[in-house]
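*Asks:*
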Amino acid sequence: MLRHLTILALSVFCVAAHADSIYKCTAGGKITYSSEPCTAGRATELESMPQAAGADAEAAATLKRQKAVLAALQKERAGSEAKQAQAAHNAARVKRSAATRQANCAKVQQQQKKEQKRLAAEAARVGGQGKIERDLDAEAMARAVDAACS
């Protein structure tokens, strides 16, 4: 879309060239055309295409409209690029947050495994005594894992 608009804007700058007088020269049976009067032979001045009365004003108005459209499109594009940059920034932040959360979860799970081994070793050493305290410690660790990993 922007490419088409650019081509359209450039075409406005290529308004019909202002034609100078053209001379048709006949000398020795040969006909030549020149932008200068003939030095020898018969010369005829040809009329150039007359420009429309309001062509310059119309071209200026068209150019002004196209510049306004171009400015609006550039503003829209800048806004779109800013939104895309913000979205990319947010996505990167979420990704970093997820990676941190995953690392914390792995760390807490590893601690839970160590704590379970310690509690199992203590249960084997002590027997049935202190079972309630071991169960409470295990529940506390399970809650920590849930909090870190959910």
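Read left to right, the sequence shown gives residues -19 to -1, 1 to 131 (mature numbering (1 follows the signal peptide of the UniProt record, and there is no 0)). All C-beta atoms in this analysis are idealised placements derived from N, C-alpha and C, irrespective of residue type, glycine included. None of the values given here were measured: they were computed from a predicted structure.
#1: Measuring straight from C-alpha to C-alpha, what distance separates H70 and A63?
#2: Relative to the C-alpha of G119, which residue among R99, V50, D37 is closest?
#3: In angstroms, rounded to a whole number, what distance separates the CA positions of E114 and A121?
#4: Thinking just about the alpha-carbon of each residue, which of A59, L44, C19, A129 is nearest to the one in Q90?
#5: Considering only C-alpha positions, which residue in the set A52, K76, A123, R77 is nearest to Q97?
#6: If you draw a straight line from the C-alpha of D37 to the C-alpha of A68, how long is it?
#7: For V107 and A101, what's the separation of their Cα atoms in angstroms?
#8: Spell out the partners DSSP gives S15 in its beta bridges.
*Replies:* Taking the coordinates as given:
#1: Translated into the one-based positions of the sequence shown, residue 70 becomes position 89. Translated into the one-based positions of the sequence shown, residue 63 becomes position 82. If I take the Cα positions, the gap works out to 10 Å.
#2: Position 138 of the sequence shown holds residue 119. Sequence check: residue 119 is Ala here, not Gly. Comparing Cα positions, the closest option is R99.
#3: Within the sequence shown, numbered from 1, the residue matching residue 114 stands at position 133. Within the sequence shown, numbered from 1, the residue matching residue 121 stands at position 140. Their Cα atoms are separated by approximately 11 Å.
#4: Your numbering for residue 90 matches position 109 in the sequence shown. The residue among A59, L44, C19, A129 with its C-alpha nearest the C-alpha of Q90 is A129.
#5: As a position in the sequence shown, residue 97 is number 116, starting the count at 1. Measuring C-alpha to C-alpha distances from Q97 to each of A52, K76, A123, R77 identifies A123 as the nearest.
#6: The residue labelled residue 37 in the question sits at position 56 within the sequence shown. The residue labelled residue 68 in the question sits at position 87 within the sequence shown. Between the C-alpha atoms of D37 and A68 there is a straight-line separation of about 46 Å.
#7: Along the sequence shown, read from residue 1 onward, the residue named residue 107 stands at position 126. Along the sequence shown, read from residue 1 onward, the residue named residue 101 stands at position 120. Our two residues, V107 and A101, have alpha carbons roughly 10 Å apart in a direct line.
#8: Here residue 15 refers to the residue found at position 34 when the sequence shown is read from its first residue. DSSP lists Y4 as partners of S15.
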